[in-house]
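Heads up: the sequence shown runs through residues 13 to 244, numbered per the working numbering.
Glycine included, each C-beta is placed from N, C-alpha and C at the ideal position.
These numbers were taken from a predicted model, which means no experiment stands behind them.
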Amino acid sequence: MGKDVIIACDFSSREETLNFLDKFTGRKPFVKIGMELYYAEGPQMVREIKARGHKIFLDLKLHDIPNTVKKAMSVLRNLDVDLVNLHAAGTKAMMEAALEGLTRPDGTRPLLIAVTQLTSTSQERMEQDLLIKEPLDQVVMHYAKTAQQAGLDGVVCSPLEAGKVHEVCGEGFLTVTPGVRFADGEVGDQVRVMTPEEAKRIGSDYIVVGRPITKAEDPVAAYERCIREFVD
Ligand code: C5P
Numbered sequence: 013m014g015k016d017v018i019i020a021c022d023f024s025s026r027e028e029t030l031n032f033l034d035k036f037t038g039r040k041p042f043v044k045i046g047m048e049l050y051y052a053e054g055p056q057m058v059r060e061i062k063a064r065g066h067k068i069f070l071d072l073k074l075h076d077i078p079n080t081v082k083k084a085m086s087v088l089r090n091l092d093v094d095l096v097n098l099h100a101a102g103t104k105a106m107m108e109a110a111l112e113g114l115t116r117p118d119g120t121r122p123l124l125i126a127v128t129q130l131t132s133t134s135q136e137r138m139e140q141d142l143l144i145k146e147p148l149d150q151v152v153m154h155y156a157k158t159a160q161q162a163g164l165d166g167v168v169c170s171p172l173e174a175g176k177v178h179e180v181c182g183e184g185f186l187t188v189t190p191g192v193r194f195a196d197g198e199v200g201d202q203v204r205v206m207t208p209e210e211a212k213r214i215g216s217d218y219i220v221v222g223r224p225i226t227k228a229e230d231p232v233a234a235y236e237r238c239i240r241e242f243v244d
């Protein structure tokens, strides 16, 4: 898969989601389904969006004992999504088990990526709440390397970390980066942001864009602007 823009469909109902997707009559965007929509509408929502021809990133961030994650992944593999994720903090054994569960009998599987440290976690909170004392960027790189050793395809990280992840893990290791804002747009609650153009320059493989598209007056135009700045 090449560079692409993934729209975070952070909606709480099927109706709202389909009304939004109905606006896109040309190119079918790659969409991200997160916990809110999945817990509200269940796997049928995933099947329905897939049937409409969209690629899907199922962002459920699994984190449990290896056997439980393996079994959950073997259920998710039947949904025929393109990208799924888990928390690298679950350990290498959990990531290996996840990969096993996700692989179909014919050897195919969705891409699997790991959340390193959430972009909402600060150095201070990591030290005090998690008792991890190393610098945040070193922790992110260590998690990325561990995910790679476990056989995963990439990581979710801040666009600010994408270049370094590629240096450490190679250009073929995917970086999927949220926290993207237009130069002239609102930042909202994201702290460390980048424009689509900057994310392209730094080497992100996929940008995840939510509100700058979903809350735009013209979501299709906002999506197309992202494509122009990031892909073309
Ligand atoms: O609306 P906005 O563009 O901020 O949406 C970003 C999306 O990426 C949201 O779905 C959010 O949950 C997700 N995300 C994030 N930061 C992370 C991981 C996921 O913003 N570290």
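### Message
I want to know whether the region 149-166 touches the region 227-238 - three or more CB-CB distances under 8 Å.
### Response
Between the region 149-166 and the region 227-238, the count of C-beta pairs closer than 8 Å stays below three; the two stretches do not touch.
### Task
Can you have a look at Asn31 and say buried or exposed, based on whether 16 or more other CB atoms are within 10 angstroms of its CB?
exposed
### Query
According to DSSP, what are the bridge partners of Asp71?
Gly46
### Query
Less than 8 Å separating the beta-carbons of Phe242 and Lys67?
no
### With 16 other Cβ atoms within 10 Å as the buried cut-off, status of Val203
exposed
### Message
Nearest by alpha-carbon distance to Glu250: which of Glu198, Val192, Gly197 and Ile225 is it?
### Response
It is not possible to answer for residue 250, since the shown part of the chain is limited to 13 through 244.
### Task
Output yes or no for whether 8 Å exceeds the beta carbon distance between Gly222 and Ala174.
no
### Message
Assuming the contact rule is C-beta atoms closer than 8 Å, Tyr235 and Val81 should be a hit. Round their C-beta distance to whole Å, please.
### Response
Under the criterion of beta carbons closer than 8 Å, Tyr235 and Val81 do not qualify as touching, at roughly 33 Å.
### Task
For Tyr51, count neighbouring Cβ atoms within 10 angstroms of its own Cβ and tell me buried if that reaches 16, exposed if not.
exposed
### Query
Candidates Arg213, Glu198 and Leu164: which alpha carbon is nearest Lys176's?
The option with the nearest alpha carbon to Lys176 is Arg213.
### Task
Within its chain, find whatever has a CB closer than 6 Å to the CB of Cys238; leave out the 5 residues flanking it on each side and keep chain order.
Sequence-distant Cβ neighbours of Cys238 in its own chain, meaning closer than 6 Å and more than five residues away, are Val17, Pro208 and Val221.
### Query
Can you tell which of Met206, Pro122, Asp201 and Pro171 has its C-alpha closest to the C-alpha of Asp165?
Pro122
### Message
Check for me: the alpha helix (DSSP H) holding Thr226 runs from which residue to which?
### Response
In the DSSP assignment, Thr226 falls within the alpha helix (DSSP H) that extends over Arg223 to Thr226.
### Query
Leaving out the 5 sequence neighbours to the left and right, which residues in its chain are closer than 6 Å to Met85 when beta-carbon positions are compared?
Ala110, Gly113 and Leu114, listed in sequence order.
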